[in-house]
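Notes follow once the structure below has been shown.
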Amino acid sequence: MRSEGSHSWRTTEIKDVLEAVLRLETREEAERFFRDLCTISELGAISHRWQVARLLDQGLPYQEVSRRTGASTTTVTRVAHWLRHGEGGYRLALDRLSAVE
Numbered sequence: 001m002r003s004e005g006s007h008s009w010r011t012t013e014i015k016d017v018l019e020a021v022l023r024l025e026t027r028e029e030a031e032r033f034f035r036d037l038c039t040i041s042e043l044g045a046i047s048h049r050w051q052v053a054r055l056l057d058q059g060l061p062y063q064e065v066s067r068r069t070g071a072s073t074t075t076v077t078r079v080a081h082w083l084r085h086g087e088g089g090y091r092l093a094l095d096r097l098s099a100v101e
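Just so you know, we're using the working numbering here: the sequence shown kicks off at 1 and counts up by one.
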């Protein structure tokens, strides 16, 4: 994969996948796309991290998040790091979801 910009994860191939995601219009379309794209294990890992982020955003302690989700404390710590110091993607999605709930 070719790297573009200052971040090695921002490859042309990843940008192509993200563009495809942006073209999806409904939850059903997203379900179909992600099921074809990802293994059940990959979908589980993604949804697992998302649940950790949601609980951390509610202010729950790491141990409680780990207990509720079954995630290791290492995973909880990693998600917490990206929630606070990442690209802002978790924050953006969490804020947008809370605005419609």
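Built from N, CA and C at the ideal position, the CB exists for glycine as well.
Here's the rule: buried if 16 or more other CB atoms are within 10 angstroms of the residue's CB, otherwise exposed. What is residue i?
i      : result
Glu4   : Bear in mind that the predicted position of Glu4 carries a pLDDT of just 44, short of 50, making it unreliable; the figure below should be weighed with that in mind. The residue in question, Glu4, is exposed, as its Cβ has fewer than 16 Cβ neighbours within 10 Å.
Thr69  : buried
Val17  : exposed
Val100 : exposed
Ala71  : buried
Ala53  : buried
Leu37  : exposed
Hey, out of the options, whose CA is closest to residue i's CA?
i     : options                    : result
Thr74 : Gln51, Leu83, Tyr62, Lys15 : Tyr62
Phe33 : Glu42, Ser41, Ala20, Ala45 : Ala20
Trp9  : Glu87, Glu25, Asp95, Trp50 : Glu87
Leu83 : Ala45, Asp57, Glu42        : Asp57
Could you have a look at residue i and say whether DSSP puts it in helix, strand or coil?
i     : result
Glu19 : helix
Ser98 : helix
Leu92 : helix
Ala80 : helix
Gly86 : coil
request  = Within the segment 26-69, note down every full alpha helix (DSSP H) run reaching 4 residues or more, in order along the chain.
outcome  = You should have 27-37, 40-57, 62-69.
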